[in-house]
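Colleague: For reference, the structure I am asking about is given below.
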Amino acid sequence: MRRRDLLFIGAALSMQACTSNTPTTLRPTLGPVPSAPSSAAPVASPPGPDAVPNSFSQSRAWPSVGIPSTITALHDHHLCGSIRRQDRSVEQMDFPVIVDLSTHTTRLLLLDDAGRFSTVEADLDEVEAEASRERPELGPQLLCGPAILDDAAAYLVVVAPKRSQERSTPELGVAHLVKVRLSDGQVEAAAVLQENFRLTFLEEELNLSFSTDHSSILIAATSLGSADFIGKNLSATDLSTQFDILDVMPSDISSSWPAGAAIHVHGDQSGSHLVMLKDGTSLETSGDLGAYVFDDFHLHLDATGSSVLRNLATGEEQQVTGLSGRDIANFRTPGPWTRRSTFVSIGGGESRRRLTVWTPGTSEPSLQWEEEHLPPAGAVVFQDVLLSGSPHVDDGALTLRRIDTAEVIATVPRSVFGNGMGITAWGIATGGVFLPADGWLTT
């Protein structure tokens, strides 16, 4: 037996689990964990939480090794995502992760045979070195869905695939929402969302968001002809159920799809309704796939095809020019998740692509590029600055613009590595890696 295997097994007998069950449950470990990997770029503290970065290190802070990775959520100096578990598997096998960038701490989220979740602090060098072999001691495979973060905890959707003898590749799995404390990796709560979740709906057909006051977690998913629907409001404290679409929907409902803080349901006899996840109230609709509910607002297309922003508390409506149904649909699926007050859409039709930047409360987009101006592959707004770029254009340069004037205020070389972008004062997530900020705008 190799020394690495001895570290793997022996340390598992000496450390307590970070679980939501008994504090004496033992967990596996990945061996000694360095305080800060030598290959990881240092992460500097920003001048303040709202400071806009205008310069980034050319060395990534996470992951510190060349292992395939994704980033699904970013808040201050914490992120959620995944790293490759086994690189020679026919199926993509990943570890869900919660990362503290300020301490270079990566925790893997694991599930044991008894159905209990725990986290273990990982040495990414060892994870990369062991990616060529199976590791049953780390529990069953988990697939990673969306995640969100607040100041104290991470909330991650993970799915445990159901294996069967009839199919070599699983189609269904048990979907869970897991709450992990950021300070120490303790799993504070876990809830089963659905016993038979269709895996093809995991990445883009499941929405996760906070309620307006952050006291609840709102979850909605696509379901087509299935008896298992996900439309829930769970307490952010203990993930107990406060509302479930299954308790109120008509018996003829045949499909559902997410709309941010609401869920569309359609029945052959009952028609289409938009159900608010915060309290179960519903609106009769035409089944518009582009509708988006956030905070106390409902953004949608009216019967004439014009975009309308409705205040759900007062009933007041505001016309918004320049937004398409595609823009509205893109607003509700940012990647990765970050707290935001301005929405960005990159999309197009058969003959053109465009980028749209819109702030709720305004009657038209702040910025819009169309036709002659090819939009970037990725973009995100932080404060009043649009950061955008493409990994294969201008050597991955990142451009910073004021959204009120479109003035270019900075260009940062070699900072874009993929289409999805997330930004905080600590740095930028792009293409599954995090680059720490090393400079900030002064005005």
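The sequence shown runs 3 to 445 under the numbering used here. Ideal Cβ placement from N, Cα and C applies to all residues, glycine included. As the structure is a computational prediction, the values presented were derived from the model and not from experiment.
Beta-carbon within less than 6 Å of Thr323's beta-carbon, same chain only, minus the 5 sequence neighbours each way: which residues are those?
Modeller: Here the set comprises Glu366.
Colleague: Which same chain residues, not among the five before or five after Gly349, have their C-beta less than 6 Å away from its C-beta?
Modeller: Result list for Gly349: Arg328 and Asn332, in chain order.
Colleague: Rounded to whole angstroms, how far is the Cβ of Ser417 from the Cβ of Gly433, which I believe are closer than 8 Å?
Modeller: Wrong, their Cβ atoms sit about 10 Å apart, outside the cutoff.
Colleague: When you compare the CB positions of Ser71 and Val435, do they come within less than 8 Å of one another, or not?
Modeller: Their beta carbons are under 8 Å apart, which means Ser71 touches Val435 by this criterion.
Colleague: For a minimum of 4 consecutive residues, which ranges assigned as the alpha helix (DSSP H) are wholly contained in the segment 41-72?
Modeller: Runs of the alpha helix (DSSP H) inside the segment 41-72: none found.
Colleague: Mind checking which residues open and close the beta strand (DSSP E) that includes Ile255?
Modeller: Where Ile255 is concerned, the enclosing beta strand (DSSP E) stretches over Ile255 to Pro260.
Colleague: Would Pro438 pass as a contact of Phe58 if the rule is Cβ separation under 8 Å?
Modeller: Yes, Cβ-Cβ distance for Pro438 and Phe58 is below 8 Å.
Colleague: Leaving aside the five residues before and after Ser284 along the sequence, list all residues of the same chain whose C-beta is less than 6 Å from its C-beta, in chain order.
Modeller: Excluding sequence neighbours, Ser284 sits near His275 and Val277.
Colleague: In whole angstroms, give me the CA-to-CA distance for His79 and Phe384.
Modeller: If I take the Cα positions, the gap works out to 15 Å.
Colleague: Could you check what DSSP says for Thr2 in three-state terms: helix, strand or coil?
Modeller: This structure cannot speak to residue 2, because the chain is shown only from 3 to 445.
Colleague: Using DSSP with H/G/I as helix, E/B as strand and the rest coil, what is Glu318?
Modeller: Here Glu318 sits in coil by DSSP.
Colleague: Taking Ala156 and Val182 to be in contact with their CB atoms under 8 Å, please state how far apart those CB atoms are, rounded to whole angstroms.
Modeller: Between Val182 and Ala156 the Cβ distance is about 5 Å, and since that is below 8 Å, they are a contact.
Colleague: From the DSSP output, read off the bridge partner residues of Leu303.
Modeller: Answer by DSSP bridge pairing, in chain order: Ser309.
Colleague: Who are the Cβ neighbours of Trp360 in its own chain at under 6 Å, not counting the five residues just before and after it?
Modeller: Answer for Trp360: Phe345 and Pro367, listed in chain order.
Colleague: Which two residues bound the contiguous alpha helix (DSSP H) that contains Asp127?
Modeller: Its alpha helix (DSSP H) spans residues Leu126 to Ala131.
Colleague: Arg137 by DSSP, collapsed to three states: which one?
Modeller: Arg137: coil per DSSP, three-state reduction.
Colleague: Which residue comes first and which comes last in the alpha helix (DSSP H) that contains Phe231?
Modeller: Neither: Phe231 is in no alpha helix (DSSP H) and is coded neither H nor E.
Colleague: What's the gap between the Cα of Val101 and the Cα of Gly269?
Modeller: Distance between the alpha carbons of Val101 and Gly269 is about 42 Å.
Colleague: Exposed or buried, what is Asp254 when buried is set at 16 or more other beta-carbons lying within 10 Å of its beta-carbon?
Modeller: Answer is exposed; the Cβ neighbour count stays below 16.
Colleague: Note down the Cα distance separating Val122 from Thr316, rounded to an integer number of angstroms.
Modeller: Whole-angstrom Cα-Cα distance: 47 Å.
Colleague: State yes or no: is the C-beta of Val160 within less than 8 Å of the C-beta of Leu236?
Modeller: No, these two residues do not count as a Cβ contact at 8 Å.
Colleague: So which of Ala222, Gly50 and Thr306 has the shortest CA-CA distance to Phe212?
Modeller: For Phe212, the nearest C-alpha among the options comes from Ala222.
Colleague: Suppose the cutoff is 6 Å on Cβ atoms and the five residues either side in sequence are ignored; what does the same chain contact list for Val295 look like?
Modeller: Excluding residues within five positions, the ones whose Cβ falls inside 6 Å are Ala261, Gly262, Ala263 and Ala264.
Colleague: Rounded to whole angstroms, what's the CA-CA distance from Arg29 to Glu132? Just pull it up for me.
Modeller: Confidence is the limiting factor: at Arg29 the pLDDT is only 40, short of 50, which leaves the residue's position unreliable and the question unanswerable from this model.
Colleague: Compute the distance between the beta-carbons of Val176 and Val189, then report whether it is under 8 Å.
Modeller: Their beta carbons are not under 8 Å apart, which means Val176 does not touch Val189 by this criterion.
Colleague: Kindly identify the DSSP beta-bridge partner or partners of Trp428.
Modeller: None, per the DSSP bridge assignment.
Colleague: Whose C-beta lies closer than 6 Å to the C-beta of Ile69 among residues of the same chain, with five residues either side of it excluded?
Modeller: Once the five neighbours on either side are set aside, the close Cβ partners of Ile69 are Ile85, Arg86 and Glu130.
Colleague: With Phe333 as the anchor, note down where its alpha helix (DSSP H) starts and where it stops.
Modeller: Looking at the DSSP string, the run of the alpha helix (DSSP H) that includes Phe333 is Gly327 to Phe333.
Colleague: Where does Gly398 sit, in a helix, a strand or coil, going by DSSP?
Modeller: Three-state result, Gly398: helix.
Colleague: Where does Leu301 land, buried or exposed, given buried means 16+ other C-beta within 10 angstroms?
Modeller: Counting Cβ neighbours within 10 Å, Leu301 comes out buried, since at least 16 surround it.
Colleague: Where does Asp246 sit, in a helix, a strand or coil, going by DSSP?
Modeller: Strand.
Colleague: Taking all protein chains shown into account, decide if Gly83 is buried (16 or more other Cβ within 10 angstroms of its Cβ) or exposed.
Modeller: That one is buried.
Colleague: Got a sec? Which residues, its chain only, sit under 7 Å from Gln151 by beta carbon, not counting five neighbours each side?
Modeller: Note that residue 151 is Leu in the sequence shown here, rather than Gln. These residues qualify, in order along the chain: Ala75, His77, His80 and Cys82.
Colleague: Use the C-beta contact count for Ser390: other C-beta atoms within 10 angstroms, 16 or more gives buried, fewer gives exposed.
Modeller: Result: buried.
Colleague: Can you list, in chain order, the residues of its chain with a C-beta nearer than 7 Å to that of Pro486? Leave out the 5 residues immediately preceding and following it.
Modeller: There is simply no residue 486 to check, as the chain begins at 3 and stops at 445 in what is shown.
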